[in-house]
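*Asks:* The opening position of the sequence shown corresponds to residue 5 in the numbering used here, with each subsequent residue numbered one higher. Below: one structure in structure tokens.
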Amino acid sequence: MAIRAARAADEKKAEDVIILDMADLTVLTDYFVICSGSTNAQVRAIIEAVEKSLAEEGVYPLRREGDHVSRWALMDYGGVVVHVFHHAERDYYRLEELWKQAPRVDWQAETPLPSRAE
5 MAIRAARAAD EKKAEDVIIL DMADLTVLTD YFVICSGSTN AQVRAIIEAV
55 EKSLAEEGVY PLRREGDHVS RWALMDYGGV VVHVFHHAER DYYRLEELWK
105 QAPRVDWQAE TPLPSRAE
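Here it is in structure tokens:
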């Protein structure tokens with residue numbers, strides 16, 4: 005699910021897409037997906053792409069906070085939490101720095117994931 009979210013964000017030209025493995029650091033989630041966009045429109049497109057991609061697999065957020073107008077969104081899928089930031093907000097919150105001990109997942113090296121239809 006985290007890789008699928010990262011790929012959906014990447015398709016909308018999200019910048020610096022990372023996945024942090026949070027499993028050994030918190031009971032709240034297994035993975036953070038963090039990415040950013042340079043405009044409100046791009047942030048909105050990234051949010052919509054992630055939601056659409058996961059919805060195609062029958063996965064919907066348990067909770068969603070923020071939106072492109074607030075320039076930051078959090079989509080909580082239980083085992084995966086997706087953070088989409090505008091650049092300035094990402095620099096301000098610095099989640100990567102806060103969770104710097106979290107291992108990064110090389111999502112680009114992973115093999116393509118089949119859809120449920122395949």
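For each residue, glycine too, the CB sits at the ideal point set by N, CA and C.
(1) Can you tell me the Cβ-Cβ gap for Y35 and G83, rounded? I've got them flagged as a contact below 8 Å.
(2) In the DSSP assignment, find the unbroken beta strand (DSSP E) run with V73 in it and report its ends.
(3) Alpha carbon to alpha carbon, how far is V37 from V88? Give it in angstroms, no decimals.
(4) Helix, strand or coil: which one does DSSP assign to R98?
(5) When DSSP builds the beta bridges, which residues end up paired with M151?
(6) What residues in its chain sit with their C-beta under 8 Å from that of A121, if we drop five residues either side in the sequence?
*Replies:* Considering the structure as presented:
(1) As a first step, residue 35 is located in the sequence shown; it is residue number 31 there, counting from the start. As a first step, residue 83 is located in the sequence shown; it is residue number 79 there, counting from the start. With 8 Å as the limit, Y35 and G83 qualify as a contact, their Cβ atoms being about 7 Å apart.
(2) Taking the first residue of the sequence shown as 1, we reach residue 73 at position 69. Where V73 is concerned, there is no enclosing beta strand (DSSP E), given that its DSSP letter is neither H nor E.
(3) By 1-based counting over the sequence shown, the position of residue 88 is 84. By 1-based counting over the sequence shown, the position of residue 37 is 33. About 8 Å.
(4) The residue given as residue 98 occupies position 94 in the sequence shown. Coil.
(5) Residue 151 lies beyond the stretch modelled for the chain, which goes from 5 to 122, so this question has no answer here.
(6) Working through the sequence shown from its first residue, we reach residue 121 at position 117. Because the pLDDT of A121 is 41, which lies under 50, any placement of that residue in the model is unreliable, and the question is left without a value.
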